[in-house]
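All remarks here apply to the structure that follows.
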Amino acid sequence: MNNIKDLQLAIEKANNIIIFSHVNPDGDTLGSMIGFSKLIEKNFNKKSTNVIIGKTPDTYSFMPSIHECISNESVDKNIQYDLAIAIDVAAKDRMVDMQDVYFKSKVTANIDHHITNNNYGQINIVEGLASSAGEVVYSIAKDLDWNLTKEIAELIYIAILTDTGGFRFENTSPKVFNYAAELVTYGINPTEIYRKCYESKPKAMALLNAYAIQNAIFKENDKIAYTIITKEDMKSFNAKSDYTEGISEALRQINTTEVSMLLKESPNQSTKVSLRSKRIDVSKIAEAFGGGGHHFAAGCTIQKPPAIAIEKLLELVKKSLNE
Ligand code: AMP
Ligand code: MN
Ligand code: MN
Numbered sequence: 115m116n117n118i119k120d121l122q123l124a125i126e127k128a129n130n131i132i133i134f135s136h137v138n139p140d141g142d143t144l145g146s147m148i149g150f151s152k153l154i155e156k157n158f159n160k161k162s163t164n165v166i167i168g169k170t171p172d173t174y175s176f177m178p179s180i181h182e183c184i185s186n187e188s189v190d191k192n193i194q195y196d197l198a199i200a201i202d203v204a205a206k207d208r209m210v211d212m213q214d215v216y217f218k219s220k221v222t223a224n225i226d227h228h229i230t231n232n233n234y235g236q237i238n239i240v241e242g243l244a245s246s247a248g249e250v251v252y253s254i255a256k257d258l259d260w261n262l263t264k265e266i267a268e269l270i271y272i273a274i275l276t277d278t279g280g281f282r283f284e285n286t287s288p289k290v291f292n293y294a295a296e297l298v299t300y301g302i303n304p305t306e307i308y309r310k311c312y313e314s315k316p317k318a319m320a321l322l323n324a325y326a327i328q329n330a331i332f333k334e335n336d337k338i339a340y341t342i343i344t345k346e347d348m349k350s351f352n353a354k355s356d357y358t359e360g361i362s363e364a365l366r367q368i369n370t371t372e373v374s375m376l377l378k379e380s381p382n383q384s385t386k387v388s389l390r391s392k393r394i395d396v397s398k399i400a401e402a403f404g405g406g407g408h409h410f411a412a413g414c415t416i417q418k419p420p421a422i423a424i425e426k427l428l429e430l431v432k433k434s435l436n437e
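Here the sequence shown stands for residues 115 to 437, numbered as in my numbering.
Below is the structure:
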């Protein structure tokens, strides 16, 4: 890992620090961001400003100290920070309106695990093979001999747990299990955390999930499975934006599925796409539309309505399947 000494130095020098999640925040970006801010607090006695880009997801409201985070809308954009850290932010445009604040900071750090990350910071700690940003954050803490608390262990554990799909995805390496074991020794309760992450779905989320699967469309001998969720669907289920999490994965669970996609109708006639795969590299497909991600899980936003976006996607997915 490069640059961790630079990061330590930058934290030591900084009088004000700001940390960002990515837009449509998930368990990894939130757990890693809050965990990192608590590591700074514990080891340097400094508070940071933690910014959730986009809406705080209901499903993660149980996370320790999440209520100390602020929304990007309430950040004073005139302040110049000594240090700005983006965590789990694959590309700078995933910071949305916080890009100016980030890039005008004296030092910019980029802590991530997306293979498509192009090292947009001055200090880049990007490990394309790591399961999660949580894993990268924990590696940093270990390498620099930082102290943890039970709360920090829980936050990092949630980050690793959720980005490995509950220790199931192909990114679940021996290191992940070793780290998880170490984190549990801080006294956290894996059963309780599991229940909060996976058995606490709002009813509307479960029903929307079922509806999306019921309406799935299958192509290429069922190798491709996709479903579309419109703005009206979201309204009729009274769904919050994070309630669509897990739908693309659920379609991948079908034995015939090679590639699954969720197309979500978004503001201004655009479509947010979640791609999942068992074999082909979907990060390449997402990149073709200006997005990115990982080999088996990637995303992008296409500036067309779902009915048109799907045609373009199917073309590339079919080509990839036949390569
Ligand atoms: P999602 O389908 O939104 O759950 O995202 C799947 C993976 O791809 C996650 O690791 C995201 O961080 C990443 N990802 C999603 N959208 C983008 C994007 N527009 N640019 C780069 N990475 C993305
Ligand atoms: Mn993420
Ligand atoms: Mn991640």
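No residue lacks a Cβ here, since even glycine has one placed at the ideal position from N, Cα and C.
Collapsed DSSP secondary structure at residue i in the structure displayed
{"i": "R390", "result": "strand"}
{"i": "E372", "result": "coil"}
{"i": "C183", "result": "coil"}
{"i": "F351", "result": "coil"}
{"i": "I229", "result": "coil"}
{"i": "M115", "result": "Residue placement at M115 is poorly supported in this model, since its pLDDT is 40, which falls under 50; the coordinates are not used for a value here."}
{"i": "T173", "result": "helix"}
{"i": "L243", "result": "coil"}
{"i": "Y340", "result": "strand"}
{"i": "E379", "result": "strand"}
{"i": "N159", "result": "coil"}
{"i": "A330", "result": "coil"}
{"i": "A205", "result": "coil"}
{"i": "F291", "result": "helix"}
{"i": "S253", "result": "helix"}
{"i": "V189", "result": "coil"}
{"i": "T276", "result": "helix"}
{"i": "L123", "result": "helix"}
{"i": "F217", "result": "helix"}
{"i": "N164", "result": "strand"}
{"i": "F134", "result": "strand"}
{"i": "N238", "result": "strand"}
{"i": "N323", "result": "helix"}
{"i": "E359", "result": "coil"}
{"i": "P420", "result": "helix"}
heavy atom of ligand 1 below 7 Å from residue i C-beta
{"i": "T173", "result": "no"}
{"i": "C311", "result": "no"}
{"i": "T344", "result": "no"}
{"i": "C183", "result": "no"}
{"i": "S280", "result": "Position check: residue 280 holds Gly in this sequence, whereas Ser was assumed. Every heavy atom of ligand 1 is 7 Å or more from the Cβ of G280, so no."}
{"i": "T230", "result": "yes"}
{"i": "G242", "result": "no"}
{"i": "G413", "result": "yes"}
{"i": "S362", "result": "yes"}
{"i": "S388", "result": "yes"}
Residue i CB to nearest heavy atom of ligand 2 below 7 Å
{"i": "H136", "result": "yes"}
{"i": "T140", "result": "A small fix is needed here, since residue 140 is Asp in this sequence, not Thr. Because some heavy atom of ligand 2 lies under 7 Å away, the Cβ of D140 counts as near it: yes."}
Residues that residue i bridges to, as DSSP identifies them
{"i": "A412", "result": "L389 and G407"}
{"i": "S384", "result": "S380"}
{"i": "T222", "result": "A198"}
Contact test: residue i Cβ vs ligand 4 heavy atom, cutoff 7 Å
{"i": "A204", "result": "Ligands present in the displayed structure are limited to ligand 1, ligand 2 and ligand 3, and ligand 4 is not among them."}
Self-check item: By C-beta, the residues closer than 6 Å to any heavy atom of ligand 3, given in chain order
Solution: D142, D202, H227, S246, A247 and D277
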